[in-house]
Each structure stands twice: as C-alpha cells, then as structure tokens.
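Colleague: Dumping the structure here so I can ask a few things about it.
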Amino acid sequence: MAIRLSRTFKIRVLSVAGALAIGTAGYQISLALIDSYTARQVAEAQAAAERVRTLEAERVALEKTLQDRSAEDEKLEAMVIAVSEMRREAESKGMQQTSW
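For the sequence shown, the UniProt record's numbering gives the first residue as 1, with consecutive numbering after it.
The structure is reproduced here in structure tokens:
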C-alpha cells in the first residue's frame, strides 16, 4: 500500500522546511552579530579601562610634581626670610648694606 502525496502537500512541506532553514540561518546570523557586538563592546571597555589607568598614572605624577614644587617653594621662602633677617641684623649693627 503506497501513499501518494499531492503536489500541493509536497510544496507546503518544502516551504515549511525552507522557512525553518531560513529561520535557523537567521538565528545563526543573529548570534554572530551579537557575538561581534559583544566583542566590540568588550574591546571598547578594555580600551577605556586602559585610558583610565593612564590618566590615573598621569594624575599621580602631576600630584608628585606639585608636592615637589611646593617643597621647593617652602625652601625658597625660608631662604628669603633668612636673608631678610641677616640684612636686618647687619643694618642694626650699622654695617653697610650689601646688594644681593
């Protein structure tokens, strides 16, 4: 006993199979696009993290430079005060003022 399938039924079966194949391919393409997007996002996040590390290192270096300059300024201020005191002492002793 052989079952005969109508031409319309065969076309419908092939249409459904084609739609499933297209759907599966579309799903695979969607996954590939998501993977690509995710990889791009990860790369951008890593680049941003590297920029943050670089900027933090620059900030620390600038902070150190500022501290060094502040220390130098304090030393120079102390020297100016010492020289001023030496001049006052010399003037109070009646010594001739020297030009610095």
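We treat Cβ as the ideally placed atom computed from N, Cα and C, and that holds for glycine.
Here the structure is a predicted model, which is why all the values come from computation and not from measurement.
1. Can you look up G26 in the DSSP assignment and give me helix, strand or coil?
2. Taking the alpha-carbon positions, what's the A17 to S36 distance?
3. For residue 102, name the three-state secondary structure that DSSP assigns.
Modeller: The short version:
1. Locating residue 26 in the sequence shown gives position 26, where the first residue counts as 1. G26: helix per DSSP, three-state reduction.
2. Counting from 1 along the sequence shown, the entry for residue 17 is found at position 17. Counting from 1 along the sequence shown, the entry for residue 36 is found at position 36. If I take the Cα positions, the gap works out to 28 Å.
3. It is not possible to answer for residue 102, since the shown part of the chain is limited to 1 through 100.
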